[in-house]
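> Here my numbering is used: the first residue of the sequence shown is -13, the next is one more, and so on. Think of the CB as a built atom: it goes at the ideal place given N, C-alpha and C, for glycine as much as any other residue. In this text, all values refer to a predicted model and were calculated from it rather than measured experimentally. Handing you a structure now.
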Amino acid sequence: MLVCSLAAAGAAAAPPTPSGPHPRLFLGGASLAAAKANAARAGSASKAIVDRCQQTIDNPGSFVDRGGADGDTWPAAAVACAFAYLVTGNAAYAAQGIKYWNASLNDDQTLGDGAGCVAGVNTSWQTWNGNPPAPPVIVTVTHDTGYPMRWYGPYIALTYDWLHDAPGVDDALRAHARTCLIAWVDYYTQRGYHNDEAGANYNAGFVAGKTMAAVALGGDAGADGDRLWTETVDGVFGSLLVGQGLAGRTSPLGMPAGVLVGGDWGEGWQYGPLSVLEYAAAARVVEESGAPQPEMDEWTNAIIVRYIHGTVPALDGQYVGGDFDSGEVYQSPSMNVLDAVLIGPSSDAAAAWAAKMKELQSPNRSTFIWNALAEIRAVTPADYRAQSPAPPLWYIARGTRNVYARTGWDAGAYWAVFSSPPQVSSDHHHFAAGNFVFSRGADHLVVDPSNYGEPGTLETNAAGADSPGVTGAYAPSQTGWSEAELLWARGTNAAVYAARGDFAKAFKFSSTPSDIPYAHREWAFLPEGEIVTIDRVHTRDSSHFMYLNFHTNTGGTLAFSGPTAIGAVGGSKVAIHPVVLGGGTPSIFHPQVTNTYSYPCGACTNARFAVDDYTVKVPGPGAVAIHVIDGLGAAEDPALVGSLNDDNFDPPPKQNAGVIGAAVYRGSKQTFVVASSGADGQVGATMTYGIPGGSASRHIVFDAPEDASGKSVVSASAMAGRCVIQIVAGAGFAGRPLMFSVVTAGGGCAVSEDTNVPPGGPPPGGGVVPGADAGPGGPGVGPKEVVGGCSLAPASPPPIAALVAIAWLVARRRRRRT
């Protein structure tokens, strides 16, 4: 028997091993009564699970085969029938559950083949960790790099628990199940794919399997049961999910930034929905068994807040942020994400928001057992957007370094996402620090059409560069060893949002440090409907370029009108204004809609759906480009845009040599987005620039001189009808970036600081009362509150940073269903 622990040294002792009567998982007392009521209701997830069991009786021919290497046919049938038996009392369902329980244990590919978890059957590995023989009968969960663990582990554990005392179940079957479950879990604990990487979809399946097995077997399995329980509490939760996923490294924004922090999913949301559902279910089970997980409570609460902010204004899609094997721009609303909040140890407020999103979106029904268990949670739906006071219009998922922002909660609002992460996931994460998307209501203007399995930068809206260290098929993309960061993110009460992405270390190649000394994207989102980007990359020389691509959803209509590229999207237009091009010449092309599933392919420019691509390459060594991107109504004129160094804004005798930037006039509002003209953004003790003083203006200033706390003293004076702004370090306005307003020259150019608005966050509270079967939050969820959230201690970086190139490359090419 394998013995392997993920427990961290010094972890608090686990509570006593679960040893009460069965069922121990989800369906005791009032929860079972609620499930029975749901199962009698047409259209419910519970009724769908009962119907699935009935299909095993009505159409047994559909259940003869496993369903492929990673199919769930038999364990899903077993757990469906176990559930159906408990909620209906129909003995025929118990018999079907036992039939497919036995099949899941005994068979491998075809019903009755006897090639599964039976004596004498082994895997292709004839030794185990150097010590023969291999653990018995683990072939069942070793197919396809272990993907079946997410079905066989949790589903057979639930079946064991729910049918433990059913007619027809004897000691031999229970003992056989214990042998198989322990062997499967121990195999995956020691060498399963992504067994030690929080935030990987494989890991979520493993965590669900190990947790359900630890509680279902518990005291029934003697010393092995004690060991599994201790490993689950101290290792899987204490060390892995909390210690790595929710603590992990600390970001420059000053908070722990393990990949799970903020409720986002680093692999992208093709893989997130089922994974967060499995993690949340596991967290619920551990808490009900007496091991509080306040960090997981906060994480479950964060899932719904991120989901709402990541949902487009029309409510018909959500940001993906990684591999997406679809021709749609955004993923359809996901029942599984919402059910993760309901099944998990979330607060009543978070659960109510999830229930309301179900009402608003009517997502397609999922038929996992988890969905039936989630609907046991009875809450009154409440609209997150309708809180008083109104919630912030922006959110930072610190783990993925995604900034979500919008101008309002109405269906016609502008909405944008900016992302600048290091490589936080070893699978399915694209090389796209500095990427962004932008929508006007239901019209998606700037989009990310990057293909599944082709994570190169040029298929996204991030910047690539010629790096001498990134060669061959990897060039000119960022890489999978990226150490990029989101350095700044800030919002104000005027619905202005700005961020800084540092992607200089995105060109690290395996263990070779990046040879790009400086690479920033400064990004600003204006409430009138503009995105402003300032891109600066220090390359080796003039023959080494920075590469920019802005993909628009304009259906072949994007074309130049003078220097501006304009195209139509539904009832909207998008206009791309090149303000500064640093010697580059922009062009428009139409990427080929094809997925070559090619990796590495740093030069790939394919797309998964039709887009127009505004592209420009800017020569080094100091490559600089500034763009303003308008979101417009079909009949609206583009904004008036110019460079701070043009004569219109800086006439002789020239006051702006020390800065670069864009001037944007739209909706009677003048905005200046400013940065230093110094090499690599360097600035002296004073930053000075002048602007026309005929109208009031807002200013967003990157690279401002600042004191140790990030503050600057800003002053302005009127001079010949202009306002001259002077910025020095000191205890004045908050920065990173600096945001302030200036009145007209006639008003003396008075300066006022813009009010900072913190991003949204998860509500406090949540948790499950150990052993509770009902509470204010619905069956299974008790009144325990964790006021004020959690304090997470930094830990070492996750082990993916040490992956070697060949292992990483192989991992990238694995295609998985959601």
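Below 6 Å, is the gap between the Cβ of Gly102 and the nearest heavy atom of the ligand MG?
Absence of the ligand MG from the depicted structure is noted, as is the absence of any ligand whatsoever, leaving it without description.
> From the DSSP output, read off the bridge partner residues of Lys603.
The residue given as residue 603 occupies position 617 in the sequence shown. Bridge partners of Lys603: Tyr533.
> Run through the DSSP bridge pairs and tell me what Gly380 is partnered with.
On the sequence shown, residue 380 is found 394 positions in, with the first residue counted as 1. Inspection of the sequence shows that residue 380 is occupied by Trp rather than by Gly. The partner list for Trp380 (beta bridge, DSSP) reads Ala391.
> Starting from the C-beta of Gly556, find all residues in its chain whose C-beta is less than 6 Å away, skip the five residues before and the five after it, and write them out in chain order.
As a working mapping, residue 556 is identified with position 570 in the sequence shown. If we look at Gly556 and ignore the five residues flanking it on each side, its Cβ neighbours are Asp429.
> Mapping the DSSP letters down to three states, classify Ser5 as helix, strand or coil.
As a position in the sequence shown, residue 5 is number 19, starting the count at 1. In the displayed model, Ser5 falls within coil according to three-state DSSP, outside both helix and strand.
> Less than 6 Å between C-beta atoms, sequence neighbours within five positions excluded: which residues of the same chain meet that for Ser333?
Working through the sequence shown from its first residue, we reach residue 333 at position 347. Hits under 6 Å: Asn287, Pro749, Gly751 and Gly752.
> Could you compute how far the alpha carbon of Ala21 sits from the alpha carbon of Leu226?
Here residue 21 is taken as the residue at index 35 of the sequence shown, counted from 1. Here residue 226 is taken as the residue at index 240 of the sequence shown, counted from 1. Spanning the alpha carbons of Ala21 and Leu226 requires a straight line of approximately 32 Å.
> Beta carbon of Asp456, beta carbon of Val614: below 7 Å?
Counting from one through the sequence shown, the residue named residue 456 turns up at place 470. Counting from one through the sequence shown, the residue named residue 614 turns up at place 628. Reading off the sequence, residue 456 comes out as Val, not Asp. Cβ atoms of Val456 and Val614: not closer than 7 Å.
> With the cut-off set at 7 Å, would you say Gly307 and Gly249 are in Cβ contact?
The sequence position of residue 307 within the sequence shown is 321, counting from 1. The sequence position of residue 249 within the sequence shown is 263, counting from 1. Contact flag unset, no.
> Counting only the same chain and skipping the five closest in sequence on each side, list residues whose C-beta sits under 7 Å from that of Val171.
Within the sequence shown, the letter at position 185 stands for residue 171. For Val171, where only same-chain residues beyond five positions count, the Cβ hits under 7 Å are Gly139, Gly195, Lys196, Ala199 and Leu214.
> Which residue from Gly204, Thr582 and Ser663 puts its Cα closest to that of Trp630?
Residue 630 sits at position 644 when you count from the first residue of the sequence shown. Looking at the sequence itself, residue 630 is Leu, so the reference to Trp does not match. Closest in C-alpha terms to Leu630, from the list Gly204, Thr582 and Ser663, comes Ser663.
> Between Ala470, Phe310 and Ala665, which lies nearest to Asn581 when the distance is taken from Cα to Cα?
Counted from its first residue, the sequence shown places residue 581 at position 595. Selected option, being the one with the closest Cα: Phe310.
> Give the straight-line distance between the Cα atoms of Ala779 and Ala338, rounded to the nearest whole angstrom.
Counted from its first residue, the sequence shown places residue 779 at position 793. Counted from its first residue, the sequence shown places residue 338 at position 352. Per-residue confidence for Ala779 stands at a pLDDT of 26, beneath the threshold of 50, marking its modelled position as unreliable; the derived number appears in the next sentence. Answer to the nearest angstrom: the Cα atoms are 30 Å apart.
> Starting from Gly191, trace the alpha helix (DSSP H) in both directions and tell me its first and last residue.
As a first step, residue 191 must be located in the sequence shown, where it is residue number 205. Asn187 to Leu203 is the extent of the alpha helix (DSSP H) around Gly191.
> Which parts of the region 563 to 612 are runs of the beta strand (DSSP E), unbroken and 3 residues or longer, counting only runs that do not cross its ends?
573 to 575 and 598 to 605
> With a threshold of 6 Å on Cβ separation, who are the neighbours of Trp137 within its own chain once the five nearest residues in sequence on each side are excluded?
Locating residue 137 in the sequence shown gives position 151, where the first residue counts as 1. Excluding sequence neighbours, Trp137 sits near Asp58 and Pro61.
> Whole angstroms are fine: how far does the CA of Ala510 sit from the CA of Ser703?
Sequence index remark: in the sequence shown, residue 703 carries index 717 (1-based). Sequence index remark: in the sequence shown, residue 510 carries index 524 (1-based). Looking at the two C-alpha atoms, the distance is approximately 26 Å.
> Out of His537, Gly29 and Thr672, state which residue places its alpha-carbon closest to the alpha-carbon of Gly644.
Within the sequence shown, numbered from 1, the residue matching residue 644 stands at position 658. Per the Cα distances, Thr672.
> Please state the DSSP three-state secondary structure of Asp99.
As a position in the sequence shown, residue 99 is number 113, starting the count at 1. In this structure, Asp99 counts as coil in the three-state DSSP scheme.
> Which residues in the same chain have their Cβ closer than 6 Å to the Cβ of Trp87, if we skip the five residues on either side of it in sequence?
Indexing the sequence shown from 1 puts residue 87 at position 101. Cβ within range, chain order: Ala64 and Thr145.
> Determine which residues share a DSSP beta bridge with Asn742 and list them.
In the sequence shown, the residue the question calls residue 742 occupies position 756. DSSP, once it has assigned bridges, lists Thr478 as partnering Asn742.
> In whole angstroms, what separates the C-alpha of Thr366 from that of Ala341?
Reading the sequence shown from its first residue, position 380 is the one you call residue 366. Reading the sequence shown from its first residue, position 355 is the one you call residue 341. Rounded to whole angstroms, Thr366 to Ala341 spans 7 Å at the Cα level.
> Determine the extent of the alpha helix (DSSP H) in which Arg160 is found, giving its start and end residues.
The sequence position of residue 160 within the sequence shown is 174, counting from 1. Start and end: Asp157 to Arg177.
> In whole angstroms, give me the CA-to-CA distance for Gln112 and Gly178.
Position 126 of the sequence shown, counted from the first residue, corresponds to residue 112. Position 192 of the sequence shown, counted from the first residue, corresponds to residue 178. Confidence is the limiting factor: at Gln112 the pLDDT is only 40, short of 50, which leaves the residue's position unreliable, though a coordinate-based value still follows. Taking the straight line from one Cα to the other gives about 17 Å.
> Going by Cα to Cα distance, which pick from Ala665, Phe12 and Lys697 is closest to Arg522?
The count along the sequence shown starts at 1 and reaches residue 522 at position 536. That would be Ala665, whose Cα lies nearest to the Cα of Arg522.
> Out of curiosity, what's the CA-to-CA distance linking Glu692 and Thr674?
Start at 1 with the first residue of the sequence shown, and residue 692 comes out as number 706. Start at 1 with the first residue of the sequence shown, and residue 674 comes out as number 688. For Glu692 and Thr674, the distance between alpha carbons rounds to 14 Å.
> Since Ile713 and Val700 are thought to touch, with beta carbons under 8 Å apart, how far apart are those beta carbons, to the nearest angstrom?
Along the sequence shown, read from residue 1 onward, the residue named residue 713 stands at position 727. Along the sequence shown, read from residue 1 onward, the residue named residue 700 stands at position 714. Yes, Ile713 and Val700 are in contact; Cβ-Cβ is about 5 Å, under 8 Å.
> Go ahead and label Met705 buried or exposed: buried means 16 or more other beta carbons lie within 10 angstroms of its beta carbon, across all protein chains shown.
Taking the first residue of the sequence shown as position 1, residue 705 is located at position 719. Met705 should be labelled exposed.
> Out of Asn742, Ser681 and Thr540, state which residue places its alpha-carbon closest to the alpha-carbon of Ser654.
Position 668 of the sequence shown, counted from the start, is the residue given in the question as residue 654. Of the listed residues, the one whose Cα sits closest to Ser654 is Ser681.
> Are Gln409 and His416 closer than 7 Å when you measure CB to CB?
Indexing the sequence shown from 1 puts residue 409 at position 423. Indexing the sequence shown from 1 puts residue 416 at position 430. No, the pair does not count as a contact, with Cβ atoms beyond the cut-off.
> Would you grab the beta carbon distance between Gly619 and Ser698 for me? Rounded to a whole angstrom, and I think it's under 8 Å.
Working through the sequence shown from its first residue, we reach residue 619 at position 633. Working through the sequence shown from its first residue, we reach residue 698 at position 712. In fact, because the Cβ distance is near 37 Å, the residues do not count as touching under 8 Å.
> With respect to the alpha helix (DSSP H) encompassing Asn322, which residues constitute its N-terminal and C-terminal limits?
Position 336 of the sequence shown holds residue 322. Where Asn322 is concerned, the enclosing alpha helix (DSSP H) stretches over Met321 to Ile329.
> Within a Cβ cutoff of 6 Å, which residues of the same chain sit near Tyr504, ignoring the five residues on either side of it in sequence?
Numbered from 1 along the sequence shown, position 518 holds the residue referred to as residue 504. So the qualifying residues of the chain are Ala490, His524 and Asp666.
> Can you give the beta carbon distance from Val327 to Ile290, rounded, assuming they're within the 8 Å contact cut?
Mapped onto the sequence shown, residue 327 falls at position 341. Mapped onto the sequence shown, residue 290 falls at position 304. Right, the Cβ-Cβ distance comes to about 5 Å (below 8 Å), so this counts as a contact.
> Can you grab the Cα-Cα spacing for the pair Tyr381 / Ala475, in whole Å?
Counting from one through the sequence shown, the residue named residue 381 turns up at place 395. Counting from one through the sequence shown, the residue named residue 475 turns up at place 489. Roughly 10 Å between the two C-alpha positions.
> Which residues in the same chain as His530 place their Cβ atom closer than 6 Å to its Cβ, once the five residues preceding and following it in sequence are excluded?
Numbered from 1 along the sequence shown, position 544 holds the residue referred to as residue 530. The residues are Asp452 and Gly606.
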